[in-house]
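Q:
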Amino acid sequence: MFHFWWLLGALHLVLWGSTITHATLPPPPVQCNDTGCTLFNSYGVWNDRKDCHVPTITYPTNEEELRLAVAHANQNNLKVKVVSRFSHTIPKLACPDSQYGNSMLISTLKYNSSIEIDEANLAVTADAGVGLRELIDEVERAGFSLVPAPYWEGVSVGGLISTGAHGSSWWGKGGAVHDHVIGLSLVVPAKESEGYAKIIRIGAKDPLLNAAKVSLGMLGVISKVKLSLEPAFKRSITYNSTDDTHIEDIFMDHGKKYEFADVTWYPSRHTAVYRYDDRVPLSASGDGEYDFLGFQANSIVVSKSTRSSEKLLEKARNVKGKCALATTFVGFKKLVANGLKNGLIFTGYPVVGHQGKMQTSGSCLYSTRIDTSCAWDPRISGLFFYETTAIFPASKFGDFLRDVKKLRDLKADNFCGADIYNGFLIRYIKASPAYLGQSEESIVLDFNYYRADDSSTPRLNQDVWEEVEQMAFFKYGAKPHWAKNRNLAFFDVQHKYPNFNKFVATKKQLDPKNMFSGEWSNEILFGTQAVKADGCALEGQCTCSEDRHCSPKNGYFCKEGLVYKEARVCRHS
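Residue numbering for the sequence shown is -23 to -1, 1 to 550, as defined by mature numbering (1 follows the signal peptide of the UniProt record, and there is no 0).
#1: Can you grab the Cα-Cα spacing for the pair residue 279 / residue 352, in whole Å?
#2: Residues in the same chain with beta-carbon distance under 7 Å from residue -17, minus the five sequence neighbours each way, listed in chain order, please.
#3: If you drop the 5 nearest sequence neighbours on each side, which residues of the same chain put their C-beta closer than 7 Å to that of residue 363?
#4: In this structure, how does DSSP classify residue 163 when only helix, strand and coil are distinguished?
#5: Does the region 453 to 460 come within contact of the region 261 to 273, defined as at least 3 CB pairs closer than 8 Å?
#6: Closest by CA to residue 491, which one among 326, 258, 3, 197?
#7: Let me know the secondary structure DSSP gives residue 309 once reduced to three states.
#8: Counting only runs of 3+ residues fully inside the region 394 to 421, write out the beta strand (DSSP E) ranges in chain order.
#9: Mind the definition here: the region 63 to 75 touches the region 120 to 139 only if three or more C-beta pairs lie below 8 Å; say whether that holds.
#10: Provide the residue span of the beta strand (DSSP E) that contains residue 242, from first to last.
#11: Beta carbon of residue 483: closer than 6 Å to some heavy atom of the ligand SAM?
#12: Return the chain-ordered list of same chain residues with a C-beta closer than 8 Å to the C-beta of residue 504, the five sequence neighbours on each side being excluded.
#13: Between 339, 422, 239, 166, which lies nearest to residue 52 when the distance is taken from Cα to Cα?
#14: In terms of residue numbering, what span does the alpha helix (DSSP H) encompassing residue 375 cover?
#15: With 16 other CB atoms within 10 Å as the buried threshold, where does residue 223 fall?
#16: Taking one C-beta from the region 365 to 378 and one from the region 415 to 422 each time, how about it: are there three or more such pairs within less than 8 Å?
#17: Could you give the distance in angstroms between the alpha-carbon of residue 185 and the alpha-carbon of residue 485?
#18: Can you tell me whether residue 156 is buried or exposed, with buried defined as 16 or more other CB within 10 angstroms of its CB?
#19: Counting only runs that start and end within the region 182 to 232, where is the beta strand (DSSP E) found for 3 or more residues in a row?
#20: Residue 43: which of 210, 396, 81, 153 sits nearest, CA to CA?
#21: Quick one: measure Cβ to Cβ for residue 238 and residue 247, integer angstroms, because I've assumed they're closer than 8 Å.
#22: Give the straight-line distance between the Cα atoms of residue -1 and residue 346, rounded to the nearest whole angstrom.
#23: Would you decide whether residue 12 is buried or exposed? Buried here means 16 or more other CB atoms lie within 10 Å of its CB.
#24: Would you kindly work out how many angstroms separate the C-alpha atoms of residue 513 and residue 138, rounded to a whole number?
#25: For the beta strand (DSSP E) that contains residue 15, what are its first and last residues?
#26: For residue 55, which residues in the same chain have their Cβ closer than 8 Å to its Cβ, ignoring the five residues on either side in sequence?
#27: When DSSP builds the beta bridges, which residues end up paired with residue 93?
#28: Give me the Cα-Cα distance between residue 384 and residue 394, rounded to the nearest whole angstrom.
#29: Under 7 Å between the Cβ atoms of residue 360 and residue 284?
#30: For a test of the three-state rule: what should DSSP assign to residue 113, helix, strand or coil?
#31: Excluding the 5 residues flanking residue 524 on each side, which residues of the same chain have their C-beta closer than 6 Å to its C-beta?
#32: Thinking C-alpha only, which one of 478, 33, 154 is nearest residue 502?
#33: Are the CB atoms of residue 216 and residue 256 within a distance shorter than 7 Å?
#34: With H, G and I counted as helix, E and B as strand and the rest as coil, what does DSSP make of residue 179?
#35: Taking contact to mean at least 3 C-beta pairs separated by less than 8 Å, is the region 430 to 444 in contact with the region 264 to 276?
#36: Between residue 21 and the rest of its own chain, which residues show a CB-CB distance below 7 Å, the 5 nearest in sequence each way excluded?
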């Protein structure tokens, strides 16, 4: 997912000559003073680069305190949003309507004490604020495994199901965590006679569950989540790095053949890496783990220096420099198996380990060294990037890959900017009954790329990423991941979900006063879009239709796509 900065570590440490110290733990997402509170995401900057100001925040420690917080908000006509201790959403999901003065945040930071395992029924129930790593470790200690999980562990139980977080699998119930939810408790507004708020328990057969398990925080406050478990198992992983000649024909069979398959594609390097990943018995030899390189703690000096290096390449329009980095990074990842370890280090394939260690990682969150951090920590001026995540009907994905190859083949070096951020990650998601889940077998595509410090600064090969992005969301009708993406990815999203009206109807039922709505969520629900402003296309706040939406003074003008002619992109001339 992220730039592999440690390769430059030795050189940068020599150049800088000393270690810069800094607190390693991520800062709390909410900072308060006498005038109110400001909500940040983990990257320090929202998509629109505007701060999220909220008058007050409360920190319930149990379910009754959570209910009382919602009751207080209802009684006083306050807008409400919920935030966890992580705040890793890229859009402003957790920000109340900035136009509405009376609002509050509810934090689940201290609501994280209960994890109850029902061995007889193969289930676990956890408080919404419980961290994913804590849940996984507790389940594994009891002799069970949580089958689905995202690749990043810096999320809470309530947050990960609300936003449709997922791993990768077309087998069983699939790779989306919400499709393993068998029960859920929700705190919703109520009548005065009911104490202004009530807790509703939603079971596996309750029709409300299909709305509540991917709710974007718009129906109420999730208090508890019940997930299905399986007896503990191990996994065996091997990466096969090869050319990408037939990737558009192979991806489908690959997902069917391996239970936890994924593919990483490096278009500029003409390389595809196939993950052969299946479960094996507990008796299988091996105690390996997956400690993904991009989520490891790294020297602050190196993170800062790598960002500086990339900014210099951007300023000099040095495509070849980025390609040199891409070649080095892809080669190094292959050498160290992208963070797989047989023990302390990687010693060879296959790597076999317990499920709880082989799927989800994020060791930078728990580093005890004061000279290291997660590389995107906004306090250190580290990595700063966009993340595009498009979810395709599987039947359309092959044609999308063919189009991207056509664009790549015009000039492969133009794709180096994504290949130094882990290329294109391809994952598999099953069809889901969730109203805001995927209605058919789907492919998830993630790719990251450089973001400028200043919103008015264009990026190298900006038109390439815009064309790929528009190709995905407009030509092939891909859906956006709810917790990621630039705003343009959400244009017309209401019409991409067959059950969207059912979700809206459920919202009217559970939240008739729109307590849990916000400015961003209103744009998504009702399709209201901001007026196009000068430079709005530079950061995906709009698609350009005039040159002024790009950056004419820097030589970027609104042009049609090179392969997808209907695309409108900001191209340097």
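Think of the CB as a built atom: it goes at the ideal place given N, C-alpha and C, for glycine as much as any other residue.
A: With the structure as the only source:
#1: On the sequence shown, position 302 is the one that residue 279 refers to. On the sequence shown, position 375 is the one that residue 352 refers to. Their backbone Cα atoms lie some 9 Å apart in a straight line.
#2: Stepping through the sequence shown from its first residue, residue -17 is reached at position 7. Confidence is the limiting factor: at residue -17 the pLDDT is only 45, short of 50, which leaves the residue's position unreliable and the question unanswerable from this model.
#3: Here residue 363 is taken as the residue at index 386 of the sequence shown, counted from 1. Answer for residue 363: 425, 426, 428, 463, listed in chain order.
#4: Mapped onto the sequence shown, residue 163 falls at position 186. It is a strand residue.
#5: no
#6: For the purposes of this step, residue 491 is taken as residue 514 along the sequence shown, with counting starting at 1. Among 326, 258, 3, 197, the Cα nearest to that of residue 491 belongs to 197.
#7: Sequence index remark: in the sequence shown, residue 309 carries index 332 (1-based). It is helical.
#8: 401 to 406
#9: yes
#10: Here residue 242 refers to the residue found at position 265 of the sequence shown. Here the beta strand (DSSP E) through residue 242 covers 239 to 243.
#11: The ligand content of the structure shown is nil, which means the ligand SAM is not present either.
#12: If you number the sequence shown from 1, residue 504 lands on position 527. Here the set comprises 469, 471.
#13: Translated into positions along the sequence shown, residue 52 becomes position 75. For residue 52, the nearest C-alpha among the options comes from 166.
#14: Residue mapping note: residue 375 aligns to position 398 of the sequence shown, counting from 1. Run containing residue 375: 371 to 387, per the alpha helix (DSSP H) assignment.
#15: The residue given as residue 223 occupies position 246 in the sequence shown. When all chains shown are included, residue 223 counts as exposed.
#16: yes
#17: The residue given as residue 185 occupies position 208 in the sequence shown. The residue given as residue 485 occupies position 508 in the sequence shown. Whole-angstrom Cα-Cα distance: 12 Å.
#18: Here the question's residue 156 lines up with position 179 in the sequence shown. With 16 or more Cβ atoms within 10 Å of its Cβ, residue 156 is classed as buried.
#19: 198 to 205, 211 to 220
#20: Against the sequence shown, residue 43 aligns to sequence position 66. When only C-alpha atoms are compared, the closest one is 81.
#21: To locate residue 238, count along the sequence shown from 1; it is residue 261. To locate residue 247, count along the sequence shown from 1; it is residue 270. About 21 Å; that fails the 8 Å criterion.
#22: Numbered from its first residue, the sequence shown carries residue -1 at position 23. Numbered from its first residue, the sequence shown carries residue 346 at position 369. Unreliable positioning characterises residue -1 in this predicted model, as indicated by a pLDDT of 43, which lies under 50. The coordinate reading is nonetheless provided below. Looking at the two C-alpha atoms, the distance is approximately 8 Å.
#23: On the sequence shown, residue 12 is found 35 positions in, with the first residue counted as 1. Residue 12 is exposed by the Cβ-count criterion.
#24: What you label residue 513 is simply residue 536 of the sequence shown in a count that begins at 1. What you label residue 138 is simply residue 161 of the sequence shown in a count that begins at 1. So the alpha carbons of these two residues sit roughly 31 Å apart.
#25: Counted from its first residue, the sequence shown places residue 15 at position 38. Taken as a continuous stretch (DSSP letters only), the beta strand (DSSP E) holding residue 15 covers 13 to 16.
#26: What you label residue 55 is simply residue 78 of the sequence shown in a count that begins at 1. Excluding residues within five positions, the ones whose Cβ falls inside 8 Å are 49, 79, 80, 81, 492.
#27: Your numbering for residue 93 matches position 116 in the sequence shown. For residue 93, which the question treats as bridged, DSSP gives the partners 102.
#28: Reading the sequence shown from its first residue, position 407 is the one you call residue 384. Reading the sequence shown from its first residue, position 417 is the one you call residue 394. In a straight line, the C-alpha of residue 384 is about 14 Å away from that of residue 394.
#29: Here residue 360 refers to the residue found at position 383 of the sequence shown. Here residue 284 refers to the residue found at position 307 of the sequence shown. Yes, these two residues count as a Cβ contact at 7 Å.
#30: For the purposes of this step, residue 113 is taken as the residue at position 136 of the sequence shown. Of the three classes helix, strand and coil, the one that applies to residue 113 here is helix, per DSSP.
#31: Here residue 524 corresponds to residue number 547 of the sequence shown, with the count starting at 1. Same-chain partners within the cutoff: 534, 535.
#32: On the sequence shown, position 525 is the one that residue 502 refers to. Closest option to residue 502, Cα to Cα, is 478.
#33: Residue 256 sits at position 279 when you count from the first residue of the sequence shown. Residue 216 sits at position 239 when you count from the first residue of the sequence shown. Contact: no.
#34: Residue numbering aside, residue 179 sits at position 202 when the sequence shown is read from its first letter. Reduced to three states, the DSSP call for residue 179 is strand.
#35: no
#36: The count along the sequence shown starts at 1 and reaches residue 21 at position 44. Only 355 meet the Cβ criterion.
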